[in-house]
Structure formats: C-alpha cells, structure tokens
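Before any comments, here is the structure.
In full-length UniProt numbering, the protein residues as written are 1 to 108.
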C-alpha cells in the first residue's frame with residue numbers, strides 16, 4: 001500500500017516563481033506507479049492563483065492516468081483561495097496526513 005501513495009511536502013510561498021516546478025514535481029510522480037499523490041501543505045505560508053492553476057493542471061494530468069491527487073493540512077489563506085475559486089469541490093482535502101491515512105487505509 002505504501003508505494004501506492006506518494007507524498008509531496010510543500011513549504012513557504014508558492015507563486016508564479018515556483019508553481020511550474022510544483023506542477024513538474026507532481027506530474028513526474030505519474031511514472032512512480034503511485035495511485036494517490038498526497039500534497040501536504042502544512043508548511044505553506046501563502047499560495048496564489050498560479051499555484052492553484054499548477055495544482056489543477058497536475059490534477060488533470062494525473063487523473064488522465066488513473067492517479068488521484070489529494071491535499072492535506074491547508075491553512076486558512078489557502079482554504080479561502082480554494083473556496084473562492086470553487087476548487088474545494090474539485091480537490092479532496094484532508095485536515096492532516098493522519099486523517100488521510102486513516103480514511104484511505106480503512107477503504108482497503
């Protein structure tokens with residue numbers, strides 16, 4: 001099970017300067033054979049619309065290959081960005097990594 005989940009930990013400010021790297025890093029995980037990519041945003045202090053766009057593009061690329069992209073541990077600023085854009089309905093967002101593991105492991 002463990003090799004089916006790849007965790008990407010983000011930190012700091014995610015904006016135009018580094019959102020392309022974020023997308024590349026996530027889409028590279030397609031080759032790893034992961035069924036789920038968990039993006040952990042616990043250490044993210046700020047995220048802008050270009051970061052959100054990168055996540056959406058990565059989400060679509062992964063979905064095309066049967067891989068799920070889920071998020072956890074988003075802060076208030078990121079949550080508001082997701083809610084304003086309706087992306088909280090698109091992405092599955094878990095309160096924490098622990099919560100994610102409990103839910104996912106209980107399904108298997």
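Even glycine gets a Cβ: it sits at the ideal position worked out from N, Cα and C. Please read all numbers here as calculations on a predicted model, not as lab measurements.
Query raised in the report: Does the Cβ of residue 65 have 16 or more other Cβ atoms within 10 Å, making it buried, or fewer, making it exposed?
Result: Stepping through the chain shown from its first residue, residue 65 is reached at position 65. Exposed, by the Cβ-count rule.
Requested in this report: Kindly list the residues whose CB is nearer than 6 Å to the CB of residue 27, restricted to its own chain and excluding five residues on each side of it in sequence; keep chain order.
Outcome: Along the chain shown, one-based indexing puts residue 27 at 27. Result list for residue 27: 58 and 61, in chain order.
Requested in this report: May I ask you to report which of helix, strand or coil DSSP gives residue 89?
Outcome: For the purposes of this step, residue 89 is identified with residue 89 of the chain shown, where counting begins at 1. The answer is coil: DSSP assigns residue 89 none of H, G, I, E or B.
Query raised in the report: Going by the beta-carbon positions, is the gap between residue 44 and residue 12 smaller than 8 Å?
Result: Stepping through the chain shown from its first residue, residue 44 is reached at position 44. Stepping through the chain shown from its first residue, residue 12 is reached at position 12. Yes, they are a contact pair.
Requested in this report: Pull up the CB-CB distance for residue 6 and residue 56, whole angstroms please, since I reckon it's below 8 Å.
Outcome: Here residue 6 is taken as the residue at index 6 of the chain shown, counted from 1. Here residue 56 is taken as the residue at index 56 of the chain shown, counted from 1. Actually they do not touch by this definition, with Cβ atoms about 18 Å apart.
Requested in this report: Express the C-alpha separation of residue 31 and residue 73 in angstroms, rounding to a whole number.
Outcome: Walking along the chain shown from the start, residue 73 turns up at place 73. Walking along the chain shown from the start, residue 31 turns up at place 31. Spanning the two alpha carbons is a distance of roughly 25 Å.
**Report entry** Three-state class that DSSP yields for residue 40 in the structure shown
**Finding:** On the chain shown, position 40 is the one that residue 40 refers to. The answer is strand: DSSP assigns residue 40 an E or B state.
Requested in this report: Have a look at 85, 84, 8 and 105 and flag the residue whose alpha-carbon is nearest the alpha-carbon of residue 42.
Outcome: Counting from 1 along the chain shown, the entry for residue 42 is found at position 42. It is 8.
Query raised in the report: Beta carbon of residue 115, beta carbon of residue 67: below 8 Å?
Result: Not covered by the structure: residue 115. The range shown for the chain is 1 to 108.
Query raised in the report: Which residues share a DSSP beta bridge with residue 94?
Result: As a working note, residue 94 is residue 94 in the chain shown. According to DSSP, residue 94 bridges with 72.
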